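Each residue of the sequence shown is one higher than the one before, starting from 57 at the first, in the working numbering.
In what follows, a structure is listed as structure tokens, so that the remarks can point back to it.
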Amino acid sequence: MNNRLTVSQDEISRALNCVLDPVTGKGLVESGRIQGLMPRADGRVVFTIEAPPGAGEVYEKARIAAENAVRRLPGVTAVTAVLTAERPREAPRAAPQPPTAQGVPHVRAIVAIASAKGGVGKSTAAVNLACAFAALGKKVGILDADVYGPSLPTMMGAVGMKPELAPDKKLLPLMRHGLATMSIGYLVDPESPMVWRGAMATGAVSQLLADVHWGTESAPLDLLLIDLPPGTGDIQLTLTQRIALDGAIIISTPQEIALADVRRGLAMFEKVHVPILGIVENMAYFEDSTGARIHIFGQGGARRTAEQFGAAFLGEIPIVPALRESGDAGAPIVAARPDLPVSRRFIEIAEAALVNLATIRKPAPTIRFV
Ligand code: ADP
């Protein structure tokens, strides 16, 4: 029995390299499969194993062997290995019938926050909407599935923090600003290059839904928001098919170009039968010192697009420098300053989205738009 409190990264790497990669026949470390390995002072170890395209199942045994190898090391108290596997290229198109969507235990509703292009403020909106739902008395979780740039750790003031492991070896979400949060960014070393982009991420997202205690029987989550990667490509389609989404909120700026993308986003959700709870227009206008509204990116485009496609328009968020500053500072404005007009906007949008969620989820819908 060894009473050492810490285990070094080298020791873990050596142990992991004794587990053979089923494809290369060499050690897992030597084969470049291990990512985000960071032992913590309390002896808990989390890392990811990156499997080649389509080989996820083959690597499940290696994942278990890797966990066992690390668990045996003196000083290690708990181990979680997250397996990421890219789907084979043709797979999404080849499957004719929709795959069974993944639900999450003890979560009442799952809602995607989506945008058809990057930089429209999707993550800012996701985080602040999550706080707004919480301000309305809901128990809320947020999963940052934006593999291109996981921004949740920064926006939540959780950079460098690691989720804890529960006794059953599942991950506990990090509680930040009253929200249960989880991000791919918590699990990979920010210093190491993010190599598990693209389709590879879909496996990781599934695991972050399945292997995280989002809610418990006695304290279920009312709402789990999923901050999707921007765009309408194969990854987004796969994620929206795989996760049992109860609805989607689309974030857009008012520009014509952004709105053309929104139409594609609406079509994507229609394809996978996920109801649109509504569209939010971000960066709608800027208020100058006299209170006059300057519509930098045009006016009312998102509302018109929503009307045109029979989707609800949930509201506008103006350009507010404090919104960016609060995101950078790791304290969402709705949580830090719920009294500000922009925070009230988010809360009104959240209220409207909840109404639509309740209406759209009714099992036997009659005629909705009258
Ligand atoms: P996305 O997730 O769509 O890529 P982000 O949420 O990361 O976009 O936002 C991009 C940048 O714009 C961030 O710096 C964010 O703080 C800023 N931003 C987003 N919405 C607003 C807004 N309404 N007012 C001011 N800054 C905003």
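For each residue, glycine too, the CB sits at the ideal point set by N, CA and C.
All of these numbers come straight from a predicted model, not from anything done at the bench.
- [ ] Have a look at residue 275 and residue 162 and give me their C-alpha separation to the nearest angstrom.
- [x] Residue 275 and residue 162 have their C-alpha atoms spaced approximately 8 Å apart.
TODO: State yes or no: is the C-beta of residue 308 within less than 7 Å of the C-beta of residue 176?
DONE: Yes, these two residues count as a Cβ contact at 7 Å.
- [ ] Return the CA-CA distance between residue 392 and residue 76, expressed in angstroms with no decimal places.
- [x] The alpha-carbon atoms of residue 392 and residue 76 are separated by roughly 49 Å.
Open item on the list: Less than 7 Å between C-beta atoms, sequence neighbours within five positions excluded: which residues of the same chain meet that for residue 374?
Closed with: Take residue 374, set aside five residues on each side of it, and the residues of its chain with a beta-carbon closer than 7 Å to its own are 340, 341, 342, 343 and 398, in chain order.
Open item on the list: What does DSSP give as the partner residue(s) for residue 106 in the beta ladder?
Closed with: The partner list for residue 106 (beta bridge, DSSP) reads 140.
Open item on the list: At a cut-off of 6 Å, would you count residue 339 as near the ligand ADP, judging by its Cβ distance to the nearest heavy atom?
Closed with: Yes, the beta carbon of residue 339 sits closer than 6 Å to at least one heavy atom of the ligand ADP.
Open item on the list: Per the DSSP calculation, residue 369 is bridged to which residue(s)?
Closed with: Bridge partners of residue 369: 335.
TODO: Within the same chain, show all residues whose beta-carbon is closer than 7 Å to that of residue 232, passing over the 5 residues directly before and after it, in chain order.
DONE: Only 212, 213 and 214 meet the Cβ criterion.
TODO: Return yes when the C-beta of residue 428 is under 6 Å from any heavy atom of the ligand ADP, and no when it is not.
DONE: The shown model of the chain, from 57 to 426, leaves out residue 428, and the question about it has no answer.
Open item on the list: Is it buried or exposed, residue 316, if we count other Cβ atoms within 10 angstroms and call 16 or more buried?
Closed with: Counting other Cβ atoms within 10 Å of its Cβ, residue 316 stays below 16 and is therefore classed as exposed.
Open item on the list: For residue 211, report the span of its alpha helix (DSSP H) as first-last.
Closed with: Unbroken alpha helix (DSSP H) run through residue 211: 208-211.
Open item on the list: Does the beta-carbon of residue 427, which I'm using as the reference point, lie nearer than 6 Å to any heavy atom of the ligand ADP?
Closed with: Residue 427 lies beyond the stretch modelled for the chain, which goes from 57 to 426, so this question has no answer here.
Task: Same chain, Cβ closer than 6 Å to residue 113, five either side skipped, listed in chain order - done: The beta carbon of residue 113 sits closer than 6 Å to none of the beta carbons in its chain outside the five residues before and after it.
TODO: Determine the direct distance from the alpha carbon of residue 268 to that of residue 473, and round the result to whole angstroms.
DONE: Beyond the ends of the chain as shown, which are 57 and 426, falls residue 473; an answer cannot be given.
Open item on the list: Using CA atoms only, rank isn't needed, just tell me which of 127, 195, 179 and 183 is closest to residue 205.
Closed with: The closest CA to that of residue 205, considering only 127, 195, 179 and 183, is found on 179.
Open item on the list: Using the Cβ count rule (16 or more neighbours within 10 Å means buried), how would you classify residue 150?
Closed with: Only weak support is given to the placement of residue 150: the predicted model assigns it a pLDDT of 39, under 50, and the value that follows is read from those uncertain coordinates. For residue 150, the number of other beta carbons within 10 angstroms of its own is below 16, and it is reported as exposed.
- [ ] Rounded to whole angstroms, what's the CA-CA distance from residue 203 to residue 129? Just pull it up for me.
- [x] Distance between the alpha carbons of residue 203 and residue 129: 31 Å.
Open item on the list: I need the straight-line Cα distance from residue 272 to residue 354, nearest angstrom please.
Closed with: Cα to Cα, the separation comes out at about 45 Å.
Task: residue 342 (DSSP reduced to helix, strand or coil) - done: Residue state, collapsed to three classes: strand.
Task: Burial state of residue 72, where buried means 16 or more other Cβ atoms lie within 10 Å - done: With 16 or more neighbouring CB atoms inside 10 Å of its own CB, residue 72 falls in the buried class.
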